[in-house]
Structure formats: C-alpha cells, structure tokens
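Residue numbers (the UniProt record's numbering): 1 to 106.
For each residue, glycine too, the CB sits at the ideal point set by N, CA and C.
All values reported here derive from a predicted model rather than from experimental measurement.
In structure tokens:
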C-alpha cells in the first residue's frame, strides 16, 4: 500500500474561506437577533412568571451558544484575514508555487 497525497496551497482558497466566514458570522448574528426578538415576543405574550422563566431559559439555552459561536467564527475570520494580510504567508504561497513548478516531470 502506498501513501500519496497532493499538497495544495492557495491564497485564493484562504480569501474564499475568509469571505465565507465573514458571511457566516453575519448570518449567525442575524439568527441571534431573530431568536431574541422571537423570545421577547413570546415572553411578552406570556406576561406571567412562566413567561419570565422561558425568557431566562431561552437566553441560557439558545442565545448563549450562538454568542459563543459568533465569537469563534469571528476569531477564525480574523485569523484568516491575518494570514491573507501577512507578507510571510504570501511568501509561503509563492515558494510553494515555485516548488511545484520545479518538480513537475511533464
């Protein structure tokens, strides 16, 4: 059995990933806002102690994980942007491309 794997580095792939992460963060923020409004409407309709308990649980169970997800996505997006903006990484991409050109046997 042979092990063979092509390594591919692409600055365009990093740019695409960064753009998609940014869009994902926006969608997660929109989801959070929508859920907050939905639960606000629900607890307003249920102006009882049970309604208040639903509001508290909603924040703990649904909104907090989305907040955490937004933080993670934001950090990933920032990291990708840093990779794209750092000349060091562009040098890695350039050297990789040069290496691939030098080892082509065709």
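Status (buried if at least 16 other CB within 10 Å, exposed otherwise) for residue 73: buried
Between residue 82 and residue 76, what straight-line distance do the alpha-carbon atoms span, to the nearest angstrom? 10 Å
Report buried or exposed for residue 39, applying the criterion of at least 16 other Cβ atoms within 10 angstroms of its Cβ. buried
What did DSSP end up calling residue 77 once you bin it into helix, strand or coil? helix
Relative to the C-alpha of residue 36, which residue among 90, 61, 14, 89 is closest? 61
Starting from residue 103, trace the alpha helix (DSSP H) in both directions and tell me its first and last residue. 87-103
Residue 57 versus residue 25 - alpha carbon distance: 24 Å
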